[in-house]
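Novice: Got a structure here, written out as structure tokens. Questions coming.
Protein chains: 2
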Amino acid sequence: MKLNVILSGVFALLLTSVCLAQEGSIKNDFKPSSSNQPGQEYPQVNSQGYARFKIFAPKSDSVKVSLGLGGRGGTKLSKNSEGFFTGTTEGPMDEGFHYYHLTVDGGTFNDPGALNYYGSVRWESGIEIPAHDAEFYALKNVPHGNVQQILFPSKSTNTSRRAFVYTPPGYNKNTSTRYPVLYLQHGWGEDETAWMNQGNANLIMDNLIAEGKTKPFIIVNTYGMTNEVKWGKMKEFSIVPFQTVLIEELIPYVDANFRTVANQANRAMAGLSMGGMETHTITLNRPDVFAYYGLLSGGTYNSSEIKDKNVVKLIFLSCGSKENPNRVKTAAEELKKAGINAVSYVSENTAHEFLTWRRSLRELAPMLFQK
Amino acid sequence: MKLNVILSGVFALLLTSVCLAQEGSIKNDFKPSSSNQPGQEYPQVNSQGYARFKIFAPKSDSVKVSLGLGGRGGTKLSKNSEGFFTGTTEGPMDEGFHYYHLTVDGGTFNDPGALNYYGSVRWESGIEIPAHDAEFYALKNVPHGNVQQILFPSKSTNTSRRAFVYTPPGYNKNTSTRYPVLYLQHGWGEDETAWMNQGNANLIMDNLIAEGKTKPFIIVNTYGMTNEVKWGKMKEFSIVPFQTVLIEELIPYVDANFRTVANQANRAMAGLSMGGMETHTITLNRPDVFAYYGLLSGGTYNSSEIKDKNVVKLIFLSCGSKENPNRVKTAAEELKKAGINAVSYVSENTAHEFLTWRRSLRELAPMLFQK
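As given, the protein sequences belong to chains A and B, one line each in that order.
Position in the first sequence (first residue = 1) + 589 = the working numbering.
Position in the second sequence (first residue = 1) + 589 = the working numbering.
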């Protein structure tokens, strides 16, 4: 027996041990993800946060899932004799919601088992990795607000534009009550469906209101990419078209058709990622319109940008701990020193993803419309 | 030169002529379908109703589209050197909306270019073949009603169940007006999203109301497959669970939370396909609840089934001309002879698909709540 054969044998043994150890460490309590299409068994998730996929592609040579541990290029699936490709992520995923897609023999498709969510300028597959604090955005047996699609006239774009309006529980019964409004924006590549679909904003509000933790208010989501912006070309973005739609068209329509308190003190604007950038610019351009500002993984304010401190009731800055938490903390400190009511929030163990923003809304909502 | 070579030559020439003739007859005015995802160039449709597909699948051997002329097994696409599969339907498709999917090397996936619609118990790709009368369901510059998602408590199923409620234009302003309600059901494999997504029910109503053709009323859509029914096993279907949700839970919730006229004379029920079957059973079981009945490609009533003719204000029966139009015509005649106000409607050149049902709603709406 030659030395290299012996070494190969030792190496094979070592490799087997490593694999067995890894297999052994994955708990076998996989369940269909809560974001699956009705009745679909896959994708599955386990209690540790591993995700497992199963795709029927009998004559394909290669199926890859874009989801996987950071920077490792996703999860390659293996084919069995019945034509199913299966595989499990190399390690536990971050808790919360993730977008993903399949690469089937080089082409991009969605997972037929998963629901689709608008992100990356397309409807993508989505998966929920159960979060330890998932209760705050779960559908519970509490009074529910409604989410309504409105089509509002927009002269500046010569279209009827779509927005979604969350009205809190009781809105249809307490017909003399008027409510403040939060204008809440999605990120790049997403649209006006994001906050109520993958954001669970309505359920977060229903639960906060049921626990008496927040004042009931209206939330409005509309499309913020009025002019098309390519990823990486943000510098070419002009805020003018969207600001016109929001300030001149949507807000007057909402104030005319819903029971709002139609003044600056009862209006907030917040946004995630690119929506934060939009919030930053629009709130500074029009301090007469909004009193509460929120940037969720969407940059910061510097006190020098605030012309009149007295009209700003709150600046809320947040991000995930896997983003740049010091940046929001430092910015909030700087604003506070300048006499502005600023708060920072860092979502533990999350990155630039929706669990960060769900938690941010949970933290932001109770601070709104308190003055 | 041998005879068979000469014959081959003649045959090749003939084949070329046939292909050229066919190519020549397809107008080159293809445009992206109106049901594409934002910014997607494919699928495309031309003014004759041909549909053209383009799928990137560089390492696949075979891509087929389930859509094609009846009974011919879909449209097989051909691969070019850049990895795109392209192809055009063999002939013009029926006008209106069609569900479809791709078969990529034997696996089932959606077309990444098209929007998805819930049908066949999954989110499927959808395509719009422009109809000559498409104006009646188009988004126009008219006052728009809202479509709101409600989550209503259901003790019988121990869940919060989802429904969509269309409130007509002006509902939020005319706060003393009360409205009649149409409970409108989807078909097998679809869900409560179908009528407002692929059905365009909200736009059909907005347009009818703007033209003064119908009384404004509320429409409610909820999920009708309360117990799971497998296709072909309809005989095992029990109406009890759904009837309980509808009559004992949803209607009282809608009457308590919306400004309805909460009586039999101002309540209608209609449904397409399986939803028609449900409408048939429930209206006969509970003539005290609904006054107007509509079956859209969903069967017929016989006068012997109607216990008290005086409480039935209208029976509307419809289908596509490619279904069984004589059946609905004959049934309506039989009902009329028995002294019941019955109307039949046949949608020209359509089959068991959504253009039949969009047109049926356009015809039905003006007849509702007139007595």
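Beta carbons are placed, not taken as given, at the ideal position from N, Cα and C, and that holds for glycine.
Using 8 Å as the limit for Cβ to Cβ distance, is His733 (chain A) near chain B?
Specialist: By this cut-off, His733 (chain A) is an interface position.
Novice: State the CB to CB distance for the pair Phe686 (chain B) and Phe943 (chain B), rounded to an integer number of angstroms; the pair is presumed to be in contact (CB under 8 Å).
Specialist: Contact holds; Cβ gap of about 4 Å.
Novice: Are the Cβ atoms of Thr756 (chain B) and Phe847 (chain B) separated by less than 8 Å?
Specialist: In contact: Thr756 (chain B) and Phe847 (chain B) (Cβ atoms closer than 8 Å).
Novice: Could you pull out every residue in the same chain whose Cβ sits closer than 8 Å to the Cβ of Thr870 (chain A), ignoring the five residues on either side in sequence?
Specialist: Excluding residues within five positions, the ones whose Cβ falls inside 8 Å are Ile828 and Gln832.
Novice: Between Phe673 (chain B) and Ile644 (chain B), how many whole angstroms is the CB-CB distance? I'm expecting something under 8 Å.
Specialist: With 8 Å as the limit, Phe673 (chain B) and Ile644 (chain B) qualify as a contact, their Cβ atoms being about 7 Å apart.
Novice: Between the segment 692–711 of chain A and chain B, which residues of the former have CB atoms less than 8 Å from a CB of the latter, in chain order?
Specialist: Taking 8 Å as the Cβ-Cβ cut-off against chain B, the residues of the segment 692–711 of chain A that qualify are Val693, Asp694, Gly695, Gly696, Thr697, Phe698, Asn699, Pro701, Leu704, Asn705, Val710 and Arg711.
Novice: Secondary structure at Pro742 (chain A), three-state DSSP: helix, strand or coil?
Specialist: In the structure shown, Pro742 (chain A) sits in a strand (DSSP, three-state: E or B).
Novice: Could you please give the first and the last residue of the uninterrupted beta strand (DSSP E) stretch that includes Phe698 (chain B)?
Specialist: Segment Gly696 to Phe698, the beta strand (DSSP E) holding Phe698 (chain B).
Novice: Is there a Cβ from chain A that is less than 8 Å from the Cβ of Pro737 (chain B)?
Specialist: Here the sequence assigns Gln to residue 737 (chain B), which means Pro is not the residue at that position. Yes, its Cβ sits closer than 8 Å to a Cβ of chain A.
Novice: Tell me, to the nearest whole angstrom, how far the beta carbon of Ile589 (chain A) is from that of Pro758 (chain A); I am working on the premise that it is less than 8 Å.
Specialist: For chain A, the structure presents residues 590 to 960; residue 589 (chain A) sits outside this window and is missing.
Novice: In whole angstroms, give me the CA-to-CA distance for Asp694 (chain B) and Lys665 (chain B).
Specialist: Approximately 12 Å, taken between the alpha carbons.
Novice: Give me the Cα-Cα distance between Tyr726 (chain A) and Leu950 (chain A), rounded to the nearest whole angstrom.
Specialist: Looking at the two C-alpha atoms, the distance is approximately 10 Å.
Novice: How many angstroms separate the CA atom of Pro701 (chain B) from the CA atom of Ala752 (chain B)?
Specialist: Using only the alpha carbons, I get a separation of about 28 Å.
Novice: Alpha carbon to alpha carbon, how far is Ser670 (chain B) from Thr605 (chain B)? Give it in angstroms, no decimals.
Specialist: The pLDDT assigned to Thr605 (chain B) is 47, lower than 50, so where the model puts this residue is not dependable; a value taken from the coordinates is nonetheless given after this. Each residue's alpha carbon lies about 22 Å from the other.
Novice: Between which two residues does the alpha helix (DSSP H) harbouring Leu924 (chain B) extend?
Specialist: Looking at the DSSP string, the run of the alpha helix (DSSP H) that includes Leu924 (chain B) is Pro914 to Lys926.
Novice: Applying a beta-carbon distance threshold of less than 7 Å, which residues of chain B neighbour Phe619 (chain A)?
Specialist: Within 7 Å Cβ-Cβ: nothing; Phe619 (chain A) doesn't reach chain B, min ~21 Å.
Novice: Which residues, taken in chain order from the segment 668–679 of chain B, show a beta carbon closer than 8 Å to some beta carbon of chain A?
Specialist: Answer in chain order: Gly672.
Novice: By the three-class DSSP mapping on this structure, what secondary structure does Ala720 (chain B) have?
Specialist: Three-state result, Ala720 (chain B): coil.
Novice: Report all residues from its chain with a CB closer than 7 Å to the CB of Arg947 (chain B); omit the five preceding and five following residues, and keep chain order.
Specialist: Result list for Arg947 (chain B): Tyr726, Gly788, Asn789 and Ile793, in chain order.
Novice: Report the three-state DSSP secondary structure of Val829 (chain B) (helix, strand or coil).
Specialist: Val829 (chain B): helix per DSSP, three-state reduction.
Novice: Determine the closest residue to Glu533 (chain B) out of B:Arg750, B:Lys653 and B:Tyr688, with distance taken between C-alpha atoms.
Specialist: No information on residue 533 (chain B) is available, as it lies outside the stretch 590 to 960 that chain B covers here.
Novice: Of all the CB atoms in chain B, is at least one closer than 8 Å to the CB of Gly813 (chain A)?
Specialist: For Gly813 (chain A), the answer is no, since every Cβ of chain B falls outside 8 Å of its Cβ.
Novice: Counting only C-beta atoms, is Pro627 (chain B) closer than 8 Å to chain A at any point?
Specialist: For Pro627 (chain B), the answer is yes, since a Cβ of chain A falls inside 8 Å of its Cβ.
Novice: To the nearest angstrom, report how far apart His775 (chain B) and Gln737 (chain A) are at their CA atoms.
Specialist: Those two C-alpha atoms are separated by around 20 Å.
Novice: Which residues of the segment 628–656 of chain A have a Cβ closer than 9 Å to any Cβ of chain B? Give them in chain order.
Specialist: Flagged, chain order: Gly628, Gln629, Ile644, Phe645, Ala646, Pro647, Lys648, Ser649, Asp650, Ser651 and Val652.
Novice: What three-state label does DSSP hand Val654 (chain B) in the structure shown?
Specialist: It is a strand residue.
Novice: Measuring only between beta-carbons, confirm whether Lys665 (chain A) sits less than 8 Å from chain B.
Specialist: No, because no Cβ of chain B sits closer than 8 Å to the Cβ of Lys665 (chain A).
Novice: Taking the alpha-carbon of Gly801 (chain B) as reference, which of B:Tyr890, B:Val901 and B:Val731 has the nearest alpha-carbon?
Specialist: It is B:Val731 whose Cα lies nearest to the Cα of Gly801 (chain B).
Novice: Can you confirm whether Phe847 (chain B), when its beta carbon is compared against all beta carbons of chain A, has any partner nearer than 8 Å?
Specialist: So yes, Phe847 (chain B) belongs to the interface.
Novice: Output yes if chain A places a C-beta closer than 8 Å to the C-beta of Pro769 (chain B); else output no.
Specialist: So no, Pro769 (chain B) is outside the interface.
Novice: Cα separation between Trp990 (chain A) and Asn705 (chain A)?
Specialist: Residue 990 (chain A) lies beyond the residue range present for chain A, which begins at 590 and ends at 960; the question has no answer from this structure.
Novice: Work out the CA separation of Tyr639 (chain A) and Ala610 (chain A) for me, nearest whole Å.
Specialist: Unreliable placement is indicated for Ala610 (chain A), whose pLDDT of 45 sits below 50; the coordinate value is still reported in the next sentence. Cα to Cα, the separation comes out at about 15 Å.
Novice: Name the DSSP beta bridge partners of Tyr842 (chain B), please?
Specialist: DSSP, once it has assigned bridges, lists no residue as partnering Tyr842 (chain B).
Novice: Closest Cβ-Cβ distance between Ser606 (chain A) and chain B: below 8 Å?
Specialist: Low local confidence applies: a pLDDT of 45 at Ser606 (chain A) is under 50, so the model's placement there is unreliable, with the coordinate-based value given in what follows. No - not a single Cβ of chain B is within 8 Å of the one on Ser606 (chain A).
Novice: Does Leu728 (chain A) have its Cβ less than 8 Å from a Cβ in chain B?
Specialist: Leu728 (chain A) counts as touching chain B.
Novice: State buried or exposed for Glu630 (chain A), treating a residue as buried only when at least 16 other CB atoms are found within 10 Å of its CB.
Specialist: Classification of Glu630 (chain A): exposed, given that the 10 Å Cβ count is below 16.
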